[in-house]
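In my numbering, the protein residues as written are 3 to 84. Just so you know, even glycine gets a beta-carbon here, dropped at the ideal spot from N, CA and C.
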């Protein structure tokens, strides 16, 4: 079930109450959403960049919400409140 969708990603529930699936989208917007495009591969690239930095931060001992990369544009993350 979709819990949230923003400009760059969508968050879905999983069978585990404390975990969510984060899907990075290929959508790109500019000028407060006035201009919209689909950029093939953008979601994959953003997922890879996020995965890289989350692993780097975690390796320093700082807790992160990232659990693992599921596909080229999806991550499994701990559910949190912002």
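Taking C-beta atoms as the reference points, residue 78 and residue 69 count as a pair closer than 8 Å. With fewer than 16 other CB atoms across the displayed protein chains lying within 10 angstroms of its CB, residue 59 is exposed.
Comparing C-alpha distances from residue 50 to each of 14, 15 and 25 shows the shortest one belongs to 25. Residue pairing from DSSP places residue 7 in a beta bridge opposite 12. A buried status is given to residue 45, since no fewer than 16 other beta-carbon atoms sit within 10 Å of its beta-carbon.
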